[in-house]
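Engineer: Residue numbers for the sequence shown follow the working numbering, so the first one is -1 and each next one is one higher. Beta carbons are placed, not taken as given, at the ideal position from N, Cα and C, and that holds for glycine. This one's a predicted model, so the numbers in the text were calculated from it and none came from an experiment. Quick one: the structure is below, questions incoming.
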Amino acid sequence: QLMDWIGHHNDIAHWGLGMDKSGPVSVDAKNWVYPTTELYDAPMSYDVISKYEGDIEVVMSSRLTMGTKWIGEDGWVYVNRGKIEASNPAWLAPDFVAGEWKAYPTPGHQRNFIDCVLSREDTIANAETGHRSITPGHLAYLSHTIGGPVRWDPAAEQIVGNEDAQKKLMSLPYRGDWKLG
-1 QLMDWIGHHN DIAHWGLGMD KSGPVSVDAK NWVYPTTELY DAPMSYDVIS
49 KYEGDIEVVM SSRLTMGTKW IGEDGWVYVN RGKIEASNPA WLAPDFVAGE
99 WKAYPTPGHQ RNFIDCVLSR EDTIANAETG HRSITPGHLA YLSHTIGGPV
149 RWDPAAEQIV GNEDAQKKLM SLPYRGDWKL G
């Protein structure tokens, strides 16, 4: 569930934070519980705390609702794949204007993809955004594997201060007969 949904919700979190071309500076995985059968090898429950520049913390947890919630000094806004909620109902009014608007109208991901194939423009959720959105999930698995937080340089896309963790990240074992080259 973590690696499945992280791309859907973390891209929105990064977008809202203006960090869709960046990423966390540290990731810490806690409270992972794995299934008792051999059918799946992904955690059934988990907590992941990612810290970003500017003293921003993003919490992903199997105990929370699916979606993205921004909490600030003046209240909160929550979005998921079907609704938007806010602690201040005025923020949801059609005529509400505050701050910089980052979204542009779109007829949906499929239509946006086809339109961008034809126009050669970037899609709303382009490859870089997808890559940056899933990175905290990979770092969470690494954090769980090494038993502690992972410090990350999002510009260099490198582990900071732990050569063994960097080696683990770059040399994950392949399954079966799969190999590169």
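Let me know the secondary structure DSSP gives residue 112 once reduced to three states.
Structural biologist: Translated into positions along the sequence shown, residue 112 becomes position 114. In this structure, residue 112 counts as helix in the three-state DSSP scheme.
Engineer: Among the candidates 154, 47 and 178, whose CA atom is the shortest distance from the CA of residue 30?
Structural biologist: As a position in the sequence shown, residue 30 is number 32, starting the count at 1. It is 47 whose Cα lies nearest to the Cα of residue 30.
Engineer: Taking the alpha carbon of residue 41 as the point to measure from, which residue in 60, 23 and 169 has its own alpha carbon closest?
Structural biologist: Here the question's residue 41 lines up with position 43 in the sequence shown. With distances taken between Cα atoms, residue 41 lies closest to 60.
Engineer: Between the segment 80 to 93 and the segment 20 to 34, can you find at least three pairs of beta-carbon atoms closer than 8 Å?
Structural biologist: Too few Cβ pairs lie closer than 8 Å, so no.
Engineer: Round the Cβ separation of residue 150 and residue 170 to the nearest angstrom and send it over; I've been treating them as touching at under 8 Å.
Structural biologist: In the sequence shown, the residue the question calls residue 150 occupies position 152. In the sequence shown, the residue the question calls residue 170 occupies position 172. Rounded, the Cβ-Cβ distance is 16 Å, inconsistent with contact.
Engineer: Could you check how far apart the C-beta atoms of residue 78 and residue 58 are, in whole angstroms? I think they sit under 8 Å.
Structural biologist: Position 80 of the sequence shown, counted from the start, is the residue given in the question as residue 78. Position 60 of the sequence shown, counted from the start, is the residue given in the question as residue 58. Not confirmed; about 14 Å, so no contact.
Engineer: In the DSSP output, what is residue 57 paired with across the bridge?
Structural biologist: For the purposes of this step, residue 57 is taken as residue 59 along the sequence shown, with counting starting at 1. BP columns for residue 57 point to 47.
Engineer: Have a look at 157, 147 and 165 and flag the residue whose alpha-carbon is nearest the alpha-carbon of residue 45.
Structural biologist: Taking the sequence shown and counting its residues from 1, one reaches residue 45 at position 47. Comparing Cα-Cα distances from residue 45 to each of 157, 147 and 165, the minimum goes to 147.
Engineer: On the premise that residue 67 lies in contact with residue 74, defined as a C-beta separation below 8 Å, what is that separation, rounded to the nearest angstrom?
Structural biologist: Against the sequence shown, residue 74 aligns to sequence position 76. Against the sequence shown, residue 67 aligns to sequence position 69. Correct: roughly 6 Å between the Cβ atoms.
Engineer: Measure the Cβ-Cβ separation of residue 130 and residue 18 and say whether it is below 8 Å.
Structural biologist: Sequence index remark: in the sequence shown, residue 130 carries index 132 (1-based). Sequence index remark: in the sequence shown, residue 18 carries index 20 (1-based). In this structure, residue 18 lies closer than 8 Å to residue 130 by Cβ.
Engineer: For residue 23 versus residue 50, is the C-beta spacing smaller than 8 Å?
Structural biologist: The residue you call residue 23 lines up with position 25 of the sequence shown. The residue you call residue 50 lines up with position 52 of the sequence shown. It is a contact, given that the beta carbons lie within the stated cut-off.
Engineer: Taking the alpha helix (DSSP H) that residue 127 falls in, what are its first and last residues?
Structural biologist: Position 129 of the sequence shown, counted from the first residue, corresponds to residue 127. It spans 125 to 144 - the alpha helix (DSSP H) in which residue 127 sits, taken as one unbroken run.
Engineer: If you follow the beta strand (DSSP E) that residue 83 is part of, which residue opens it and which one closes it?
Structural biologist: Here the question's residue 83 lines up with position 85 in the sequence shown. Residue 83 -> beta strand (DSSP E) spans 82 to 84.
Engineer: If you check the beta carbons only, do residue 166 and residue 143 fall under 8 Å apart?
Structural biologist: One-based indexing of the sequence shown puts residue 166 at position 168. One-based indexing of the sequence shown puts residue 143 at position 145. Closer than 8 Å, so yes.
Engineer: In terms of DSSP beta bridges, what is residue 156 paired with?
Structural biologist: To locate residue 156, count along the sequence shown from 1; it is residue 158. Residue 156 is bridged to 151.
Engineer: Using DSSP's beta-bridge definition, name the partner residues of residue 27.
Structural biologist: Numbered from its first residue, the sequence shown carries residue 27 at position 29. DSSP output for residue 27 lists 46 as bridge partner(s).
Engineer: Assuming residue 67 is part of the beta strand (DSSP E), what are its boundary residues?
Structural biologist: Residue 67 sits at position 69 when you count from the first residue of the sequence shown. Start and end: 66 to 70.
Engineer: Going by DSSP in three states, residue 176 sits in which element: helix, strand or coil?
Structural biologist: Within the sequence shown, residue 176 is the residue found at index 178, counting from 1. Coil.
Engineer: Taking 8 Å as the cut-off, decide whether the C-beta atoms of residue 56 and residue 27 are in contact.
Structural biologist: Position 58 of the sequence shown, counting from 1, holds the residue named residue 56. Position 29 of the sequence shown, counting from 1, holds the residue named residue 27. No, the pair does not count as a contact, with Cβ atoms beyond the cut-off.
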